[in-house]
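Residue numbers (UniProt numbering): 1 to 946.
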Amino acid sequence: TFLRSLRVALLLRLCAAFNLDEQQRVVFSGQRGSYFGYSVEFFNNSSSFSILIGAPKANTSQPDIVEGGAVYLCPWSQTNCSIVNFDTEGDRYFYINDVNTQVEFKSRQWFGATVRSHGNRILACAPRYYWRTEHNTPFADVTGTCFLSVDSLETFVEFAPCRTERHGPAGQGYCQGGFSADFTKDGRVVLGGPGSFYWQGQLISATTEEIVKAYYPSYFLLSVDGQIQTRQVEGSYDDSYLGELLWAVSFLVLLLTNFFHLKSRWSNFHVSNVFQMGSYFGYAVAATDINNDGLDDLLVGAPMFMRQGSSGRLEELGKVYVYLQKGPLLLEPSQSHLMGKQAYGRFGSSLAPLGDLNQDGFNDVAIGCPYGGDDQQGLVLIYNGRSGGLMDTPTQTLSGQWAFSSFPANFGFALRGNTDLDHNGYPDLIVGAFGVDKAVLYRARPIVSVSASLTVQPTLFNQEEKTCELLTGTGPICALCFVCEAFVVELQLDSVKPSQKESVRRTLFLDSQQPSLLKNFSLSDGGRSCHDTQIYLRAEDEFRDKLSPIYVSLNFSLDPQATSAPSFPCLHLSLPFACFQVQIQLDCGEDNICVPDLKLAVYGDRSEVYLGEENAVTLTFNARNEGEGGAYEAELYVALPSEADYSGILRNNGNFTQLTCSYEAENQTRYLVCDLGNPMKSGTSLWAGFRFTVPRLRDTYKTVMFELQIRRGEAAFPKHHLIIVAVVTGPSCLSVSHPDKLFFPPPNWSLSQSLREEQDIGPELQQIYELVNNGPSAFSQATLEVRCPLRAQGHPLLYPVEVVTEGPLSCSSKHLNTLKLKVRTLRRASEIRSLLIIYPFIQLYSLKTSRSSVILKVRSRVWAETFIEVSGLARVHGALAGGLRAPSRLPMERNHNRCHWHQHFLLFFVPVWIIILAVLAGLLLLALLIYLLYKVKRLNASASDG
Numbered sequence: 001t002f003l004r005s006l007r008v009a010l011l012l013r014l015c016a017a018f019n020l021d022e023q024q025r026v027v028f029s030g031q032r033g034s035y036f037g038y039s040v041e042f043f044n045n046s047s048s049f050s051i052l053i054g055a056p057k058a059n060t061s062q063p064d065i066v067e068g069g070a071v072y073l074c075p076w077s078q079t080n081c082s083i084v085n086f087d088t089e090g091d092r093y094f095y096i097n098d099v100n101t102q103v104e105f106k107s108r109q110w111f112g113a114t115v116r117s118h119g120n121r122i123l124a125c126a127p128r129y130y131w132r133t134e135h136n137t138p139f140a141d142v143t144g145t146c147f148l149s150v151d152s153l154e155t156f157v158e159f160a161p162c163r164t165e166r167h168g169p170a171g172q173g174y175c176q177g178g179f180s181a182d183f184t185k186d187g188r189v190v191l192g193g194p195g196s197f198y199w200q201g202q203l204i205s206a207t208t209e210e211i212v213k214a215y216y217p218s219y220f221l222l223s224v225d226g227q228i229q230t231r232q233v234e235g236s237y238d239d240s241y242l243g244e245l246l247w248a249v250s251f252l253v254l255l256l257t258n259f260f261h262l263k264s265r266w267s268n269f270h271v272s273n274v275f276q277m278g279s280y281f282g283y284a285v286a287a288t289d290i291n292n293d294g295l296d297d298l299l300v301g302a303p304m305f306m307r308q309g310s311s312g313r314l315e316e317l318g319k320v321y322v323y324l325q326k327g328p329l330l331l332e333p334s335q336s337h338l339m340g341k342q343a344y345g346r347f348g349s350s351l352a353p354l355g356d357l358n359q360d361g362f363n364d365v366a367i368g369c370p371y372g373g374d375d376q377q378g379l380v381l382i383y384n385g386r387s388g389g390l391m392d393t394p395t396q397t398l399s400g401q402w403a404f405s406s407f408p409a410n411f412g413f414a415l416r417g418n419t420d421l422d423h424n425g426y427p428d429l430i431v432g433a434f435g436v437d438k439a440v441l442y443r444a445r446p447i448v449s450v451s452a453s454l455t456v457q458p459t460l461f462n463q464e465e466k467t468c469e470l471l472t473g474t475g476p477i478c479a480l481c482f483v484c485e486a487f488v489v490e491l492q493l494d495s496v497k498p499s500q501k502e503s504v505r506r507t508l509f510l511d512s513q514q515p516s517l518l519k520n521f522s523l524s525d526g527g528r529s530c531h532d533t534q535i536y537l538r539a540e541d542e543f544r545d546k547l548s549p550i551y552v553s554l555n556f557s558l559d560p561q562a563t564s565a566p567s568f569p570c571l572h573l574s575l576p577f578a579c580f581q582v583q584i585q586l587d588c589g590e591d592n593i594c595v596p597d598l599k600l601a602v603y604g605d606r607s608e609v610y611l612g613e614e615n616a617v618t619l620t621f622n623a624r625n626e627g628e629g630g631a632y633e634a635e636l637y638v639a640l641p642s643e644a645d646y647s648g649i650l651r652n653n654g655n656f657t658q659l660t661c662s663y664e665a666e667n668q669t670r671y672l673v674c675d676l677g678n679p680m681k682s683g684t685s686l687w688a689g690f691r692f693t694v695p696r697l698r699d700t701y702k703t704v705m706f707e708l709q710i711r712r713g714e715a716a717f718p719k720h721h722l723i724i725v726a727v728v729t730g731p732s733c734l735s736v737s738h739p740d741k742l743f744f745p746p747p748n749w750s751l752s753q754s755l756r757e758e759q760d761i762g763p764e765l766q767q768i769y770e771l772v773n774n775g776p777s778a779f780s781q782a783t784l785e786v787r788c789p790l791r792a793q794g795h796p797l798l799y800p801v802e803v804v805t806e807g808p809l810s811c812s813s814k815h816l817n818t819l820k821l822k823v824r825t826l827r828r829a830s831e832i833r834s835l836l837i838i839y840p841f842i843q844l845y846s847l848k849t850s851r852s853s854v855i856l857k858v859r860s861r862v863w864a865e866t867f868i869e870v871s872g873l874a875r876v877h878g879a880l881a882g883g884l885r886a887p888s889r890l891p892m893e894r895n896h897n898r899c900h901w902h903q904h905f906l907l908f909f910v911p912v913w914i915i916i917l918a919v920l921a922g923l924l925l926l927a928l929l930i931y932l933l934y935k936v937k938r939l940n941a942s943a944s945d946g
């Protein structure tokens, strides 16, 4: 038993850092389908903050107005909201040429699509507001309009700078003023109108005092003294959509208040970066000092930015560009441009400065991803600032999945931050989710940052030392101060990097006999506390891993039952962890570092195996350690081929070491793992052997390979292979034609005008093949390929009728008896097993035994008409070729048999004189023969008389 003193040193401190509390969120709900949450804003109502929420499709009490839109005022501590009555009137009518004419259209005007505040001033806009420019025109101009309150929602004035005499697309008729809007730092109103001047876009600005002074409710066309605006430029800037989403308005945050006096005519602002066409670069923008240099920096969202994925296809991920301001209007791209992680998530659709959430001196930013998350309900990602821009990864992710069941929720479409609603010193965040008509308030809570140190003495366990050494010290070992919370401290032994092969912990706490220890600390400012404990190492035979360190880890958390804070804090996730490691003394010299040199030699008792047999194989090896120090956790890994099975350890040799082996599988590979010693000491040389069988030999491979390797912990030595040749078979193919010769014209055959039976084609020809397995093994999946000439010189030659097989053949056909003629002789069903395709592949499933065979008979008809009528075919050499293509890597053999056709009788016309001459010659010969016979008879008669 080994006892060691574990000394724990902790230093904990409470820092002024915060994160957004997801558990204590406040959810505001609006009319169903009103797009409540399309825009959100903080409002400082003198005594306290409230929340303004736009619902551009809400119905109000305005007479005869459908979905005019509304702005709601919501106390942050309550969930009930009330409509702010910016405009209570319906559509206005004027007498024009004695005709009572409707001159404005407020239905579906999207009032509340834009809401902004500055102190006690509120601006709310309806960018789809229409008004009729002339009484006799069927169409109206979508100029947009806004309402302004400068006295905490007591009075309201209208500000419609695009409702002018410049009608139609050439002027301000399609302006959509208020599509975007904001206040400058000194309270000046700025509107964006993306539709002016053939969609070149326009920026318009005026002070609130000038707007209030110029307002007269009975007048449609109002001129605001001191109003400044960008003017129309050349046609190359058409379709620029200036002011669609406050590109230039955000620049105003960066400039002096007299910006418009210097730049009354729009000119392009260039930033030193190339952005992607169609990415909606500029859809969302935000200005804040993220690198703490005193200058506001610019963030630009491109929610439809696309990047080529691993598959080669473009993926729409979204991107946020970060530009650092190095001087007045000098913007340089940061290295920390942020890319979305989820396709079609629309990362960068909204941006909101948060202030310094984690109190590290750099402002932080919230980025909306309204279609992100597992269910595309929406995400809001929090990124911390730093000297070079923004951090590459978010420190917190808010999910919209918690409260919504419909799709899409659009959680994160609208964001507003950097305001302390509840006056607790922590900045808060509002998130809009207009798809489900909700807005969510997240309040910040404090973060306890903790640093700790852990001490273990001694740092080396000597297994030969059996004594107990208790360490004592004077004074406190650890000091915990400036903490007004209760903590739960946990110590874990051997847990950070446990051995993959160990099922038990190698060290335990002496008092509890457990690998973990829990300790509660209740601390106050200036308080001190410490704790000493002892751990021990198990006996040598109780565990195997002696190489990897023994980790002692410390973790701690806030005690939820003991804390008294009104807003429960959380721990800084990256800090509350400490770890220490202890090594085990090895037989490796003073430096405790082993340098083994393991060698391996492999031998087999046979060089060939055969298909269809058990194939007993004996494998022997010699393993040696020729290095310095012992080889701890030395093991032999034998990877078995799929054809082989493990039978056992070879035990018939007295010099062999009896190994302890286990059978394992990893990724469908079977291993035999044998212990070579722990440690396998220097100079060790051991012999051992194994027995295997190879019953599943496949004829598609030439070899069977065993792979052997020595491993030592996570280190691996070179692999060795034992390769055995797989002997398969020697197939052969024999063939014969019947008959071997054909003569034309065939006997008993006549040319027929219609073909009904196979005999009408011509004489029969049979080709017979025999495929023989010469051994020594069975084989499978061979292919017999038969080729025959169907045509010659453009004329039909052979007509295949049927095929008969004997043995395990599988055939297919599409050219057999294609004319559907009547077959002369019907075969038994058992004999005709399949059909033959011309240029076929006949699959032989298996020839299981040596000297077994299969037979194929192909019966055809020869087109007699071709040989009789076509000249030049008096002697034609037709050929039927059969060949065996055995499985891959098996020998190839081909046999060719030829049959010949000869014309033995030729039809021709003989001249008449030749026929007459032949007849006369015949008659003369006959007369001569008669005369001679007569003479012979007379001579015989004379002899008889004498």
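Glycine included, C-beta positions come from ideal geometry on N, C-alpha and C.
These figures come from a predicted structure and were not determined experimentally.
Neighbourhood of Ala-16 by C-beta distance below 6 angstroms, restricted to the same chain and skipping five residues each side: In this prediction, Ala-16 scores a pLDDT of 43, lower than 50, which makes its location untrustworthy; the coordinate-derived value is nonetheless stated afterwards. Excluding positions up to five away in sequence, the list reads Gln-359.
For Gly-119, the three-state DSSP class (helix, strand or coil): coil
Helix, strand or coil at Thr-669 according to DSSP, with G and I counted as helix: strand
Run of the alpha helix (DSSP H) containing Ala-864, from where it starts to where it stops: 864-869
Trp-687, DSSP secondary structure in three states: strand
Sub-8 angstroms separation of Arg-307 and Leu-299 beta-carbons: no
Cβ-Cβ separation, Glu-785 to Ile-855 (assumed contact under 8 angstroms), whole Å: About 16 angstroms separates the two Cβ atoms, so there is no contact after all.
Reduced DSSP secondary structure (H/G/I, E/B, other) of Gly-201: strand
Three-state secondary structure (DSSP) of Ala-927: helix
Burial state of Tyr-95 (16 or more Cβ within 10 Å): exposed
Reference Tyr-383; option with closest CA among Asp-375, Gln-377, Tyr-371 and Phe-362: Phe-362
Simplified DSSP state of Arg-443, which is helix, strand or coil: coil
Within 8 angstroms, strictly: CB atoms of Met-705 and His-721: yes
Buried or exposed (CB count within 10 angstroms, at least 16 for buried), Leu-924: exposed
Rounded straight-line distance, which links the Cα of Pro-63 to that of Pro-427: 40 angstroms
Opening and closing residue of the beta strand (DSSP E) in which Thr-397 lies: 396-399
Alpha-carbon spacing of Phe-49 relative to Pro-194, whole angstroms: 32 angstroms
Gln-335, DSSP secondary structure in three states: coil
From Ala-160, Pro-217, Cys-175 and Gln-200, residue whose alpha carbon lies closest to that of Gln-227: Ala-160
N- and C-terminal bounds of the alpha helix (DSSP H) containing Ala-214: 208-214
Rounded distance between the beta-carbons of Pro-169 and Phe-111, thought under 8 angstroms: Contact flag wrong, Cβ pair sits at about 23 angstroms.
Nearest-angstrom beta carbon gap, Val-380 and Val-322 [assumed within contact, 8 angstroms]: Not a contact, Cβ separation roughly 18 angstroms.
Coil, strand or helix - Gln-176 by DSSP: coil
Ser-737 burial status per 10 Å Cβ neighbour count (16 or more: buried): buried
Pair within 8 angstroms by beta-carbon distance, Ala-601 and Ile-710: no
Asp-437 versus Thr-145, Arg-443, Gly-412 and Pro-446, residue with shortest Cα-Cα distance: Gly-412
Where residue 948 falls: helix, strand or coil (DSSP): This structure cannot speak to residue 948, because the chain is shown only from 1 to 946.
Cβ contact (3+ pairs, closer than 8 angstroms) linking the region 205-214 and the region 147-159: yes
Coarse secondary structure for Asn-625, derived from DSSP in three states: strand
Residue from Leu-640, Ser-516 and Ala-864 whose Cα sits closest to the Cα of Leu-697: Leu-640
Whether Leu-761 touches Tyr-799 by CB criterion (8 angstroms): As written in the sequence, residue 761 is Ile, which differs from the Leu given in the question. Taking 8 angstroms as the Cβ cut-off, Ile-761 and Tyr-799 qualify as a contacting pair.
Gln-172, buried or exposed, once every other Cβ within 10 Å from all chains shown has been counted against 16: buried
Val-488 versus Leu-518 - alpha carbon distance: 7 angstroms
Identified DSSP bridge partners for Thr-391: The sequence shown places Met at residue 391, rather than the Thr named in the question. Answer is none; Met-391 lacks a bridge partner.
Nearest-angstrom Cα separation, counted from Cys-146 out to Glu-89: 14 angstroms
Three-state secondary structure assigned by DSSP to Trp-76: coil
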